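Below is one structure, written out as structure tokens; comments come after it.
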Amino acid sequence: MKTFLKNETIFGGLTDEELTRVIEIMVIRQFERNVIIFFEGEVGDNFYLVLSGEVRIYKISPDGREKNLALIGPGDFFGEMALIDKKTRSATAETMSKTRLGVIHQKHFSDLIDQYPEIALKMIVQLTERLRRANQQIESLTFKDVQGRLVQFLLQYADENEDDDPVPLKKRVTHQIIANQIGASRETVSRILSQLQKEGYITIKNRLIYITKRKELKDRWERK
Numbered sequence: 216m217k218t219f220l221k222n223e224t225i226f227g228g229l230t231d232e233e234l235t236r237v238i239e240i241m242v243i244r245q246f247e248r249n250v251i252i253f254f255e256g257e258v259g260d261n262f263y264l265v266l267s268g269e270v271r272i273y274k275i276s277p278d279g280r281e282k283n284l285a286l287i288g289p290g291d292f293f294g295e296m297a298l299i300d301k302k303t304r305s306a307t308a309e310t311m312s313k314t315r316l317g318v319i320h321q322k323h324f325s326d327l328i329d330q331y332p333e334i335a336l337k338m339i340v341q342l343t344e345r346l347r348r349a350n351q352q353i354e355s356l357t358f359k360d361v362q363g364r365l366v367q368f369l370l371q372y373a374d375e376n377e378d379d380d381p382v383p384l385k386k387r388v389t390h391q392i393i394a395n396q397i398g399a400s401r402e403t404v405s406r407i408l409s410q411l412q413k414e415g416y417i418t419i420k421n422r423l424i425y426i427t428k429r430k431e432l433k434d435r436w437e438r439k
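So for the sequence shown, my numbering puts the first residue at 216; every next one is plus one.
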């Protein structure tokens, strides 16, 4: 656990002794796939760290349509907004696979931030990255067609730690989840993915998408 916290999370700057304290106040919870962790509008009093698995954050429109806001994987956190602004949950969180979460109660989390300001600085960096992605998504929805939005999604979730093609996405995602994220129908997403696969830009193995021509795909996205 210490190695994971040190290498993969916002707690990476802490000493072993300090990490021990984090572990002591963290409650480990396990969830099956498609379990709601919290609903939009609920009172929020916990901070969540993904230890394994995936979580999606989404909103539901008045007519029942889902719009994904973020896909959260190992090492990422969520649930911080309600702790910071003291308001209710701004979106719903649901597991996408069997998932282990480290849960820290609001009081303990506030104490950690007060005692170790470097945690807050790392949070700011990650939140800034999320805001940048949100801005890109707004730009994409405004100016790009569906194919351009789908290509942007693939590039955004490609594993940046991989230098050579083929590059896998960091998460396994269904066509419906992609559709919810980019504002399209599942049928349209399936058709475009099939076309990209035929043209050699991607391959799909065991439900995981691999980008086989990253530079060419990026050039295509910038034209769409």
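C-beta atoms are modelled at their ideal positions from N, C-alpha and C, and glycine is treated no differently. For clarity, every value in this text was computed on a predicted model and none was experimentally measured.
- The beta carbon of A285 sits closer than 6 Å to the beta carbons of I272 from its chain, once the five residues preceding and following it are set aside; these are given in chain order.
- Annotation: the continuous alpha helix (DSSP H) that includes T343 extends over P332 to F358.
- Contact between L346 and Y263 is absent: CB atoms are separated by about 19 Å, not below the 8 Å threshold.
- Separation of K282 and I397 (C-alpha to C-alpha, rounded to the nearest whole angstrom) is 8 Å.
- In summary, T235 is exposed, with fewer than 16 beta-carbon neighbours lying within 10 Å of its beta-carbon over all protein chains present.
- Cβ contact annotation for F253 (same chain, cutoff 6 Å, sequence separation greater than five): R304 and A308, in chain order.
- In the DSSP assignment, F262 falls within the unbroken beta strand (DSSP E) covering N261 to S267.
- Here K430 is exposed: its Cβ has fewer than 16 other Cβ atoms, across all protein chains shown, within 10 Å.
- Counting every other CB atom within 10 Å of its CB across the protein chains shown gives T389 a total below 16, marking it as exposed.
- Here D374 is exposed. Its C-beta has fewer than 16 other C-beta atoms within 10 Å.
- Around F246, the same chain offers T310 and T314 as residues with beta carbons nearer than 6 Å, after the five sequence neighbours per side are excluded.
- Rounded to whole angstroms, the separation of the alpha carbons of F292 and G256 is 19 Å.
- Collapsing the DSSP output to three states places T418 in a strand.
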